[in-house]
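There are 6 protein chains.
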Amino acid sequence: MQRIAVFPGSFDPFTKGHESIVNRFLPLFDQVIVAVGVNSTKNYLFTLESRLAHIQSLFAAQPKVSIETYQGLTVDFCKQKKARYLIRGIRNTTDFEFEKSIAQMNQTLSGIETLFLMTDPQLAPVNATIVREIKKNNGDVGAFVTNNQILIIQSK
Amino acid sequence: MQRIAVFPGSFDPFTKGHESIVNRFLPLFDQVIVAVGVNSTKNYLFTLESRLAHIQSLFAAQPKVSIETYQGLTVDFCKQKKARYLIRGIRNTTDFEFEKSIAQMNQTLSGIETLFLMTDPQLAPVNATIVREIKKNNGDVGAFVTNNQILIIQSK
Amino acid sequence: MQRIAVFPGSFDPFTKGHESIVNRFLPLFDQVIVAVGVNSTKNYLFTLESRLAHIQSLFAAQPKVSIETYQGLTVDFCKQKKARYLIRGIRNTTDFEFEKSIAQMNQTLSGIETLFLMTDPQLAPVNATIVREIKKNNGDVGAFVTNNQILIIQSK
Amino acid sequence: MQRIAVFPGSFDPFTKGHESIVNRFLPLFDQVIVAVGVNSTKNYLFTLESRLAHIQSLFAAQPKVSIETYQGLTVDFCKQKKARYLIRGIRNTTDFEFEKSIAQMNQTLSGIETLFLMTDPQLAPVNATIVREIKKNNGDVGAFVTNNQILIIQSK
Amino acid sequence: MQRIAVFPGSFDPFTKGHESIVNRFLPLFDQVIVAVGVNSTKNYLFTLESRLAHIQSLFAAQPKVSIETYQGLTVDFCKQKKARYLIRGIRNTTDFEFEKSIAQMNQTLSGIETLFLMTDPQLAPVNATIVREIKKNNGDVGAFVTNNQILIIQSK
Amino acid sequence: MQRIAVFPGSFDPFTKGHESIVNRFLPLFDQVIVAVGVNSTKNYLFTLESRLAHIQSLFAAQPKVSIETYQGLTVDFCKQKKARYLIRGIRNTTDFEFEKSIAQMNQTLSGIETLFLMTDPQLAPVNATIVREIKKNNGDVGAFVTNNQILIIQSK
């Protein structure tokens, strides 16, 4: 049986932290699906198209990684993909408490397990909310996001 | 003198976690008031009427529990009800830091004390925000909310 | 039925933080037992006799408070005293995680509930380990322990 | 070379906690700039003018403190002011995790260091979000904000 | 290539929490080695022989699980066993901070990754230190340790 | 008036994390005293002489740094040295809660303030306890301690 993992998120943007998590989990799985959640009521800074193109650019040479969008519950998407594992990185205790609740509720809902890696220390400060703030203020986010020039800010 | 406690919240929805907190605090008090805060600037997922009906259904057989709505400061509501205690459950450290600030500021404002119980371990993951997310995506929240079929999603 | 609470600890020494917790819980109970745990394999800085005399001096005017020693499991002592509640203060998240485990294991073992109050903010830094360190180095612990001159350091 | 520190925030309102942080950092610096961030997409409870007047009233007698507004990235403002340090208080672990990420990302972006003091224990519960909530409900915030009568709630 | 994981610990005793972690990680690996660290300077409550017999009794029907003892660095044991993963459960933020440091130092030392699962909520309070305390005081640890009657307290 | 800071610790050993904290605080002070606490009841892994030689080797080119030993309370040592500041790094929330208590008790005892920097992200996992464990098991600690070959393990 194939070992399939789903890495869910809004990835607005997909940071070096996210990139590292995919790369570190890859040897354990036959397929890793980067699953970009689409929620019509949420405001994103970057267009969906540019976020997908950006993630694709990072894993172009890696056939075990695919990129998909989904709507609805993450565990429903996993079932549809026959993925038995969700994968996540944890940076700090605030992340931890949040991820713990979601992982345990997902387990109760569906039996799907969430596996965690500790974020690489030098990437632990990287936070998508702060990256967006820097980008909105025309700061340089090159230290936090690979190939970030592909990302396009939404016009409102 | 009557021992009266107020259990304040928006209860959107009132989860099995909340239910357990009321039941565990009951032996200590003569009356426990479940106080549903109403804030006109906040968006709730479930109608106020259905939230009240839902909570009433859970404590119908329990004369020491009453359900009320309130506006304004929680400590003002307590004074009006002659309640000297607020009661709360704590699930994790994020809850803890938030509840600590509120409890200490309420104590400074009014002298009213907040008593805490640790959430029952198997209910610790239950989080109203995640329950709402599951409900909006047509997931089954039966594991997290008793009698949840009474709750009615607001039309916008 | 009498409402009896047990406040367990080694109280080496009984700080202003402990004192405040007893005083704040008192209105809720008919009796509060300060229960000094005695563990023959542990090294205490202050003699048991002086710790007991010290606590007695603090609550001499308060008939609802009694001071006792105990050995063995805290929940066994509670059952013997017909106390249905343990009471504790929490200062910070390190305390919280530790107290949560103990409270939940005690609940599983015996059904006895642990009630918590947030430590008064200005007493939150007070830590018996640091108080002992200051005392051993001849520092003045008067800001942290009432009547501390009663306490006698053990000769070895 | 002058030692200049920037204390950034939205200060909606500037609480006794903020006031204490400035006063405690002052002996270390030649100049402390209280930098009020202005973000046109954010809703503030108090008018910018009243927030500035309020902060000025607190440090009128203190020539080393100046008050300024800024837009854009905090580190860009620091560079413009030739400030090599940001200063912040930390109340609890939730603050800590948030401040750690920001400090480390600012360090990566600019080399500017963030210095921290632990919030004075009795001011640790003071939280601007809760202060705003109290003010909106006509509660008395005098225990949390000096000279708070200067602050003017925005008309919408 | 075989997927081998090492689950290291002193397991004094091996609780239901540990048992659950092994069972939940099993589907992901071809072999899971429960590695009992032996440290001559540490005092254990239970004899090594009884700890090993106890763990063996729990996984007798599970050929993918083996039980071994080791001395020295955990990462050296992993290399010797050609295991590329360490596995651990996390209960709370205190665990988290401790496990994060060890995982990151092990990664730096050896490239070996540590995978984490969140402890099953109802097992999160189970803590080997508290279990030992209960056992020493003749309490019943049956709720926390399967087959605990096999464990033999060391004579001193 | 000279700006003097004391950096206290047992430094068993002085890690790259400690080294970085001294270097980052240096521009703010005229003198930084690395103060090695000597406690006759504590067991150290490395001899005091080798720890002192090790720290000296790291700051030989830095005239603003001096290394001293002290006994007794840290705040008494500060007063004797006319230092108004203690300096410390914080890695994580466990550190934070511990350092907060000590800083606030030191402030109450003496008025001496403790300034904090967030540990450099890639050094955050470095933990003296784990370094000692690695060293005792003949592991290579070169990634965590500069010039570590100077350190001599105590004979017992």
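Chains as they are written, first to last, in numbering that gives the first Met the number 0: chain Z, 0 to 155; chain P, 0 to 155; chain E, 0 to 155; chain H, 0 to 155; chain X, 0 to 155; chain B, 0 to 155.
Ideal Cβ placement from N, Cα and C applies to all residues, glycine included.
Contact test: residue i Cβ vs the ligand SAM heavy atom, cutoff 6 Å
i: D139 (chain P); result: Summarising the ligand content, the structure contains no ligands, and the ligand SAM is consequently not present.
Residue j beta carbon less than 7 Å from that of residue i
i: Q153 (chain X); j: T46 (chain X); result: yes
i: I89 (chain H); j: M104 (chain P); result: no
i: T107 (chain Z); j: P7 (chain Z); result: no
i: P120 (chain P); j: P120 (chain X); result: yes
i: L57 (chain X); j: E18 (chain X); result: yes
i: C77 (chain B); j: I111 (chain B); result: yes
i: F95 (chain P); j: F95 (chain E); result: yes
i: K63 (chain P); j: L122 (chain P); result: no
Buried versus exposed, by CB contacts within 10 Å (16 or more), residue i
i: G141 (chain H); result: exposed
i: T68 (chain X); result: exposed
i: E48 (chain Z); result: exposed
i: P124 (chain Z); result: buried
i: N137 (chain X); result: exposed
i: S100 (chain E); result: buried
i: G16 (chain Z); result: buried
i: N91 (chain E); result: buried
i: T40 (chain X); result: exposed
i: A82 (chain H); result: buried
i: A4 (chain B); result: buried
i: N38 (chain B); result: exposed
i: N42 (chain E); result: exposed
Straight-line gap, residue i to residue j (C-alpha atoms, nearest Å)
i: K135 (chain H); j: R50 (chain E); result: 48 Å
i: G36 (chain E); j: E98 (chain P); result: 30 Å
i: M0 (chain B); j: Q70 (chain B); result: 26 Å
i: Q79 (chain B); j: R23 (chain B); result: 24 Å
i: A52 (chain B); j: I86 (chain X); result: 39 Å
i: L27 (chain H); j: Y84 (chain B); result: 9 Å
i: S65 (chain P); j: I20 (chain P); result: 14 Å
i: A59 (chain Z); j: R2 (chain Z); result: 21 Å
i: D75 (chain E); j: R131 (chain X); result: 16 Å
i: D139 (chain E); j: I133 (chain E); result: 7 Å
i: A102 (chain Z); j: I151 (chain E); result: 51 Å
i: T93 (chain E); j: T93 (chain B); result: 7 Å
i: A127 (chain X); j: S109 (chain E); result: 18 Å
i: Q61 (chain Z); j: F143 (chain P); result: 40 Å
* Asked: Does the pairing of the stretch 116-127 of chain X with the stretch 106-124 of chain Z give three or more beta-carbon distances under 8 Å?
  -> yes
* What residues in the stretch 82-100 of chain B bring their beta carbon closer than 8 Å to a beta carbon of chain H? -> R83, Y84, I89, T92, F95, E96, E98, K99
* Below 7 Å between beta carbons is the criterion; list the residues of the stretch 117-146 of chain Z that meet it against any residue of chain B, in chain order. => P120, Q121, A123, P124
* To do: Please determine if the stretch 144-151 of chain Z and the stretch 21-36 of chain P are in contact, where contact requires at least 3 C-beta pairs separated by less than 8 Å.
  => no
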